[in-house]
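Single-structure report; data block below.
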Amino acid sequence: MAHPPRRVPVLGDVFGFSTDILTDPSSSLGTVFEFRFLGARYVVAAGTDAVIEASDESRFCKHIGPDIEALRIMGGDGLFTAFNDEPNWQTAHDVLMPAFSQQAMRGYHSIMFDVADELLARWDERADTGESVDVPTETTRVTLETIGRCAAGYAFGGFESEDVHPFVEHMVAGLKGSDRVGVFRAT
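In my numbering, the protein residues as written are 23 to 209.
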């Protein structure tokens, strides 16, 4: 399978990997390729046709990679962490499907626009005062604020102050911890 250049034992593709290959349609790696990092193997479907094919549930099933498997320590066997043959996967799938219907998604648009407007207002204030923007932190903030409002009707108040809501703080800590554990698990 195609992979980035300069692969080395143990570290894998660390020297040849660039995030550009994930979004560049003219990538020399093609639309389906792999990369390895510390023994973990990741297969990427980067083209529309490849993603549509991989989404065919009659031919392919969800793969629980090491990062997601490590989340089971924190979240048990939920929709994202359950193995395909576990009963809770189907239960969670059935419960959540209506929330992801086209009609439901249309209902989220105005909420998403409101959150995006709040983010832009926050960034405009920063620009006016010459402050920098911590983009990774801000994108986490906007993501969790959007999910909270759309999925639960709950605003974490992510744009009202620099303080992080305790739930968000614990969730991010759990995700970081599982990511660290997952790095050392083979796929």
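Idealized CB from N, CA, C, for every residue including glycine.
Contact defined as beta carbons within less than 8 Å: I believe residue i pairs with residue j. What is the distance between those atoms, to the nearest angstrom?
i           : j           : result
residue 178 : residue 190 : 6 Å
residue 160 : residue 141 : 7 Å
residue 148 : residue 155 : 5 Å
residue 53  : residue 69  : 3 Å
residue 51  : residue 72  : Residue 51 to residue 72, Cβ: 12 Å. No contact.
If you count every other CB in all the chains shown that lies within 10 Å of the CB of residue i, and 16 or more means buried, which is it?
i           : result
residue 137 : buried
residue 117 : exposed
residue 35  : buried
residue 170 : buried
residue 88  : buried
residue 158 : exposed
residue 166 : buried
residue 66  : buried
residue 86  : buried
residue 126 : exposed
residue 195 : exposed
Closest to residue i by CA distance: which of the options is it?
i           : options            : result
residue 112 : 43, 79, 49, 32     : 79
residue 174 : 198, 128, 139, 121 : 121
residue 30  : 40, 109, 81, 59    : 59
residue 197 : 77, 62, 102, 69    : 102
residue 42  : 26, 193, 33        : 26
Below 7 Å CB to CB, which residues in the same chain sit around residue i once its five sequence neighbours on both sides are set aside?
i           : result
residue 84  : 106
residue 200 : 89, 92, 93, 95, 96
residue 185 : none
residue 132 : none
residue 40  : none
Identify, in the order they occur along the chain, each residue of the same chain with its Cβ nearer than 8 Å to the Cβ of residue i, setting aside the five sequence neighbours on each side.
i           : result
residue 134 : 168, 172
residue 115 : 101
residue 143 : 181
With a threshold of 6 Å on Cβ separation, who are the neighbours of residue i within its own chain once the five nearest residues in sequence on each side are excluded?
i           : result
residue 49  : 43
residue 145 : 155
residue 108 : 99
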